[in-house]
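**Q** I'd like to ask you about the structure that follows.
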Amino acid sequence: GKELAATETALLTALAEPLTTDAKASIKSDLARAKAAHAAAVERRDSVAKAAKDSAVDETPEEFWHAMASLDAEVEELGTLVEGLKQVLHLPPEQGFRLRAGADGLYVGARDVTIAEMSAGVALDL
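Counting in the numbering used here, the sequence shown runs from 115 upward without gaps.
Have a look at this one:
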């Protein structure tokens, strides 16, 4: 909810500025909360899926799929937040990392990127 939106805002700010000791501690705290929220969302989603498999669902199929889609979106959003926080912690801006990527424990950062050559194709149908 609002707390996660604030965490996302803090993450975007952290990407643009050097991390102070307090900022790192705050991001670690946010990361712990985001991990816990992610685990809880995964558990809720799995519980709903298991209930459906066991035919213990009181909802119509339409309501069930809406609930599953909502839970899947929440799990995805929280997972993205967790990964973004990890990237900032492991590849901090003050060490010059401008580009970051990674997931599932594998993170890659680049301080600078040089593009020697670029080409593109364009197709136009009228």
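The beta carbon of each residue, even a glycine, is placed where N, CA and C say it ideally should be.
Whose C-beta lies closer than 6 angstroms to the C-beta of V196 among residues of the same chain, with five residues either side of it excluded?
**A** Here the set comprises A148, K149, H152.
**Q** Just to confirm, are R159 and E188 a CB contact at a threshold of 9 angstroms?
**A** In contact: R159 and E188 (Cβ atoms closer than 9 angstroms).
**Q** Which residues mark the beginning and the end of the alpha helix (DSSP H) in which L240 is found?
**A** Run containing L240: none; DSSP gives neither H nor E here.
**Q** Can you list, in chain order, the residues of its chain with a C-beta nearer than 7 angstroms to that of L185? Leave out the 5 residues immediately preceding and following it.
**A** Once the five neighbours on either side are set aside, the close Cβ partners of L185 are A155, R158, R159, V162.
**Q** Where L220 and D144 are concerned, what is the direct C-alpha to C-alpha distance, given to the nearest angstrom?
**A** Cα to Cα, the separation comes out at about 20 angstroms.
**Q** Out of curiosity, what's the CA-to-CA distance linking R225 and H180?
**A** Taking the straight line from one Cα to the other gives about 42 angstroms.
**Q** Please name the residue, chosen from L213, A217, M182, V202, that lies closest to G193 on a Cα-to-Cα basis.
**A** The candidate whose alpha carbon is nearest that of G193 is A217.
**Q** For my contact list, L213 and V227 are in at a C-beta cut-off of 8 angstroms; report their separation, rounded to the angstrom.
**A** Rounded, the Cβ-Cβ distance is 6 angstroms, consistent with contact.
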